[in-house]
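Residue numbers for the sequence shown follow the numbering used here, beginning at 13 and rising by one. As structure tokens, the structure follows; a few thoughts come after it.
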Amino acid sequence: MNNGAQTCLRIAVSLPVKGSFFYRVPKNLAPRAHVGCRVMVPFRNRKITGYILEKTTQDDEQVLKEISDVLDPEPLFHKQLIPFFEWMADYYIHPIGQVIQSALPGGLNMNPYKTAFLTEKGSNIFDSLPLHSEERKILSWIKDQPEKRIPWPLKKIYGLQKKGWIVVEDRMKRRRAGPLMRKFIRPKKGINLQSIFVENAKLLKAKNEVQFLETVFGFDGTLLSELTAKFTNGSYLVKKWIKRGILENFTRVVFRNPAGKIMFPAPVPVRLYEQQRRALNYIQACIDKKAFSSCLLYGVTGSGKTEVYYQAAEHAIRLGRQVILMVPEIALAVYVEGIFRSRLGNRIAIYHSGLSQGERYDEWMRMVRGEVDMVIGARSALFAPLPRLGLIIVDEEHDSAYKQESSPRYQARDTAVVRAKMEKALVILGSGTPSVQSFQNSITRRYHLLLMPDRVEKRLLPDVEIVDMKTLEDAKYKNEMISPKLKEALEQNLIVGNQTILFLNRRGFHSLYLCRSCGQSIRCPNCDVALTYHLKEDKLTCHYCGFWSKTQMKCSSCGRGDLKAYGFGTEKLEHELEELFPDARITRMDTDITRRKGQAFKILKKFSDHEIDILVGTQMITKGYDFPMVTLVGVIAADLSLGFPDFRAGERTFQILSQVAGRAGRGSQRGRVIIQTFNPDHYAISTATAHDYQLFFEKEKELREQLGYPPFSRLTCLRLDGNNKEKTAEAAHDLSLKIRAILSKWPKRGKEIQVLGPVEAPISRIKGKYRWQILVKSKSASLLQHLLNEIERLSKKLLRSSGVHLILDVDPYQMI
Ligand code: ADP
Ligand code: ZN
């Protein structure tokens with residue numbers, strides 16, 4: 013350090029601003045200011061939260077502001093994560109402070125706010141103020157709620173402070189999440205259970221008293237709530253034996269363990285199959301190298317990937333490294349966690365957005381403190397603060413749920429590869445239907461390809477049959493959702509007592525309400541979509557903005573309002589099944605049902621315990637679960653996913669059909685799959701039917717190459733939305749002209765980038781906002797990134813005070 017240098021901090025602020033900023037540290041705060049801690053800093057006349065990225069030095073000439081506080085007693089993340097956050101900020105063109113903010117568990121981002129209390133003068137004057145005056149109203153509120161956030165504009169408040177009636181103070185919102193304390197019961201030291209049975213035999217009055225004592229004596233502390241749940245007379249027995257000096261109670265900090273009990277203890281396989289052995293050998297060698305490597309584990313559904321993941325994780329943990337396992341859905345995370353916890357014990361954390369803020373905070377801090385070996389979770393587990401990360405597994409890597417569709421709009425699978433690289437770790441992408449992108453990466457040798465082509469025990473892949481719904485159209489089955497063939501198969505399956513999964517990728521009852529007089533569909537007033545009818549609530553709702561209305565409404569076009577319902581969703585399917593098979597136990601699982609916490613888990617458990625015969629659901633039932641008694645899978649409308657205006661429509665359809673078919677016949681009995689479709693000849697449907705990934709990939713690759721779509725190019729979608737129709741359109745046109753102007757100034761490489769549009773988005777309005785989009789295509793990622801930075805810069809000026817907002821969606825998935 014030379015003389016003219018001062019120690020300072022590089023800080024990312026939690027505001028939409030690019031880059032990081034330097035601050036000085038006052039002496040008293042210096043010992044607490046660690047990298048990874050949050051700080052309070054002055055920024056443009058405000059005080060905001062920031063994150064310490066680096067301790068560094070700056071020229072003494074530089075006039076730097078001082079941080080005003082350090083908010084955390086210990087760091088929230090490690091140094092190793094910072095280059096990763098910075099990479100994300102650069103690649104996805106998103107402010108680094110906000111990347112970090114979204115990575116951290118909610119509930120700790122404090123916002124300072126103002127409170128006030130009455131002075132003596134204020135108290136004295138209070139009674140003399142006119143009863144209904146605003147001043148009296150405010151003073152009265154403050155008097156009653158001295159620590160609360162002031163709900164009025166500060167202008168009004170400062171006036172009262174000037175008069176000397178109140179004092180305004182800054183407060184920090186306290187963290188909602190804290191440690192959780194629970195009451196436990198344990199036997200007192202030195203007391204022997206057998207001696208109680210002998211000495212106090214007379215006291216053992218209740219029938220379950222022996223069992224009760226055995227339970228308590230079996231552990232060094234049993235949750236009181238568990239005892240009262242297990243024994244109806246639990247609280248009585250606890251009191252009784254405490255009084256006798258046999259038991260004692262105590263309080264202990266517990267971690268909120270959202271998984272609760274072990275639900276699906278997996279049988280530990282005696283030995284691996286040859287294909288598992290080979291994959292695992294390769295994987296273990298990679299882990300041993302302690303260098304970055306990446307592989308694509310392409311194993312058909314039911315080939316035993318989970319066991320490979322498990323043993324890979326175990327190997328990494330044995331070498332002192334930590335593991336992240338990502339799955340595409342929360343329900344699946346809970347399910348997989350049960351399997352792993354039953355074998356790896358409690359050094360596992362679970363992390364996903366379905367946890368409460370307190371749970372997320374607890375799990376996060378356990379990871380930071382190195383108390384876990386493995387984290388299982390959905391997309392957000394990508395950021396798990398593990399200091400010794402050695403392995404990342406992305407299961408069902410093809411799943412589009414890995415793409416976050418709100419900012420920061422990242423692809424968790426792709427970023428997992430980047431993180432593994434930075435941490436010198438191994439990343440395994442696993443799938444039964446690899447994404448076109450990942451498979452192409454295995455061809456170009458970016459990923460090492462590991463193949464597991466057979467199901468365990470050489471079980472046969474299910475027999476897939478197609479029902480061409482066109483041929484049923486005119487027959488008497490015209491409006492039925494369930495074809496005669498599927499109906500018969502369902503009957504058969506019920507008779508032999510096996511389970512069935514029916515898949516339909518649309519929720520609700522009717523998908524469309526049409527006016528009989530003018531033919532107009534009832535549409536959402538805020539969005540450019542038709543409303544869906546939900547029977548249970550008897551409401552028409554919008555799946556985009558949540559708008560709803562009663563069905564007794566007039567047609568807004570012609571005013572006559574004679575409405576008829578068309579189309580179907582999972583709710584109607586469930587209804588029809590109940591009519592067809594009144595004795596069957598039928599349950600539906602879709603987001604309408606699983607919004608309530610724990611509901612998905614309950615259903616899966618019931619299904620696993622064979623308390624359900626037919627499970628009806630959307631995409632969420634197609635993934636990953638292993639239910640050996642499922643021998644029949646029905647796909648109600650295979651075409652739904654083909655209709656999307658999206659270059660991945662074919663890929664998605666193939667994946668969904670293969671995945672859902674993969675749920676059938678995972679036990680000892682061969683599975684049967686019946687696919688109902690209007691497009692039996694579409695390549696995505698025919699190749700899925702034939703279990704022919706290779707052929708599907710060849711066809712898809714050819715199309716993508718011809719059209720220059722990913723993986724043969726990089727894509728970014730620029731979406732503009734605004735409240736005003738004309739202004740939004742105008743901004744989109746202006747922006748595209750500006751982009752073309754930039755490119756024309758890059759004589760050498762400008763031609764490598766293609767600008768498509770602007771066009772109105774396929775759904776031209778959502779939540780009242782008009783939407784336009786521009787697609788930018790490039791063969792070179794770095795060139796595209798360069799352009800995006802330019803666009804970001806110029807759009808600030810271009811869109812200022814236009815009311816139009818630009819969203820940069822890098823590597824987009826949804827372009828509707
Ligand atoms: P995938 O994830 O590839 O679809 P799973 O991992 O769910 O397949 O495995 C399918 C079934 O095979 C599971 O019931 C699992 O317990 C079982 N299994 C996996 N490996 C073995 C093995 N080596 N020996 C016996 N059973 C196994
Ligand atoms: Zn809407």
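The C-beta atom is built at its ideal place from N, Cα and C for all residues, glycine as well.
* **Same chain only: Cβ atoms within 6 Å of G316, ignoring 5 sequence neighbours per side** => Q288 and V468, listed in sequence order.
* **Length of the line joining the Cα atoms of I94 and A432** => Rounded to whole angstroms, the separation of the alpha carbons of A432 and I94 is 14 Å.
* Using the beta-carbon count (16 or more within 10 Å), is D48 buried or exposed? -> A quick correction: the sequence has Gly, not Asp, at residue 48. Counting every other CB atom within 10 Å of its CB across the protein chains shown gives G48 a total of 16 or more, marking it as buried.
* Asked: Does DSSP put Y321 in a helix, a strand or coil?
  -> The DSSP-derived three-state label of Y321 is helix.
* Cβ of V468 versus every heavy atom of the ligand ADP: is any distance shorter than 7 Å? -> Yes, the Cβ of V468 comes within 7 Å of a heavy atom of the ligand ADP.
* N- and C-terminal bounds of the alpha helix (DSSP H) containing D480 -> It is not in any alpha helix (DSSP H) - D480 instead sits in the beta strand (DSSP E) that spans D475 to D480.
* Check T244 in the structure and name its three-state DSSP category. => Three-state DSSP puts T244 in coil, outside helix and strand.
* Ignore the nearest five residues each way along the sequence and tell me which others in T445's own chain have a CB closer than 7 Å to its CB. => Correct list, in chain order: H410, F666, Q667, S670, Q671 and Y705.
* Starting from the Cα of V479, find the closest Cα among E226, I686, R421 and F451 and give me that residue. => By alpha-carbon distance to V479, the top candidate from E226, I686, R421 and F451 is I686.
* Asked: Any idea what DSSP makes of T582, helix, strand or coil?
  -> Judged by DSSP in its simplified three-state form, T582 adopts helix.
* To do: Output yes or no for whether 8 Å exceeds the beta carbon distance between I786 and P657.
  => Contact flag unset, no.
* If you pair each beta-carbon of the region 383 to 402 with each one of the region 415 to 434, do three or more pairs fall below 8 Å? -> Three or more Cβ pairs closer than 8 Å define a contact, and the region 383 to 402 meets that threshold against the region 415 to 434.
* To do: State the start and end residues of the unbroken alpha helix (DSSP H) segment that holds M493.
  => Run containing M493: none; DSSP gives neither H nor E here.
* Would you check whether the ligand ADP has a heavy atom nearer than 7 Å to the C-beta of G314? => Yes, Cβ of G314 sits closer than 7 Å to a heavy atom of the ligand ADP.
* To do: At 4 residues or longer, and completely inside the region 281 to 368: list those alpha helix (DSSP H) runs for me, N to C.
  => 286 to 301, 317 to 330 and 342 to 356, all fully within the region 281 to 368.
* Could you work out which residue in S454, G531 and G646 is closest to E477 when comparing CA atoms only? => Closest in alpha carbon position to E477, among S454, G531 and G646, is G646.
* Asked: What residue range is occupied by the uninterrupted beta strand (DSSP E) comprising V642?
  -> That run of the beta strand (DSSP E) goes V642 to V647.
* **Segment contact flag, the region 411 to 424 with the region 93 to 111, C-beta cutoff 8 Å, min 3 pairs** => Because the criterion of three Cβ pairs below 8 Å is met, the region 411 to 424 and the region 93 to 111 touch.
* Asked: Whole-angstrom Cβ separation of I388 and I440, contact assumed at under 8 Å?
  -> In this structure, I388 and I440 do not form a Cβ contact; the two beta carbons are roughly 14 Å apart against a cut-off of 8 Å.
* Can we count L284 as close to the ligand ADP, meaning its CB is less than 7 Å from some heavy atom? -> It does: the Cβ of L284 is within 7 Å (strictly closer) of some heavy atom of the ligand ADP.
* Asked: Does the Cβ-Cβ distance between A501 and L644 come in under 8 Å?
  -> At a Cβ-Cβ threshold of 8 Å, A501 and L644 count as neighbours.
* Distance cut-off 7 Å: E319 Cβ against heavy atoms of the ligand ADP -> Yes - the ligand ADP has a heavy atom lying nearer than 7 Å to the Cβ of E319.
* Asked: Quick one: what's got a C-beta closer than 8 Å to H555's C-beta in the same chain, skipping five residues either side?
  -> Closer than 8 Å at Cβ, skipping near neighbours: R519, G520, V541 and T544.
* Check whether the Cβ of D638 sits closer than 7 Å to any heavy atom of the ligand ADP, and report yes or no. => True, at least one ligand heavy atom lies under 7 Å from that Cβ.
* For F89, which three-state DSSP category applies? -> Reduced to three states, the DSSP call for F89 is coil.
* Excluding sequence positions up to five away, which residues of its chain have a Cβ less than 6 Å from the Cβ of V335? -> Answer for V335: A325, A328, M386 and L403, listed in chain order.
* Which residues in the same chain have their Cβ closer than 7 Å to the Cβ of G382, if we skip the five residues on either side of it in sequence? -> Cβ neighbours of G382 beyond the five flanking positions: P399.
* Assign A396 to one of three DSSP states: helix, strand, or coil. => Looking at A396 - three-state DSSP - the assignment turns out to be coil, as it is neither helix nor strand.
* Asked: CA-CA distance, S569 and P774?
  -> Rounded to whole angstroms, the gap between the alpha carbons of S569 and P774 is 22 Å.
* What's the gap between the Cα of A115 and the Cα of M379? -> Using only the alpha carbons, I get a separation of about 14 Å.
* To do: Report yes if the C-beta distance between P496 and A673 is below 8 Å; otherwise report no.
  => Not a contact, by the Cβ cut-off of 8 Å.
* Determine the extent of the beta strand (DSSP E) in which A24 is found, giving its start and end residues. => Unbroken beta strand (DSSP E) run through A24: A17 to V25.
* Can you tell me which of the three DSSP states F276 falls into? => For F276, the predicted structure reports a pLDDT of 38, less than 50, and the residue's modelled location is therefore unreliable. A value from the coordinates is still provided. Three-state result, F276: coil.
* Asked: Count the other CB atoms within 10 Å of the CB of A24; is the residue buried (16 or more) or exposed (fewer)?
  -> It is buried - the Cβ of A24 has at least 16 other Cβ atoms within 10 Å.
* DSSP three-state assignment for V11, whether helix, strand or coil -> Residue 11 is absent from the model: the chain starts at 13 and stops at 828.
* the region 525 to 540 in contact with the region 630 to 640 per 3-pair CB rule at 8 Å -> In this structure the region 525 to 540 does not touch the region 630 to 640; the number of beta carbon pairs closer than 8 Å is below three.
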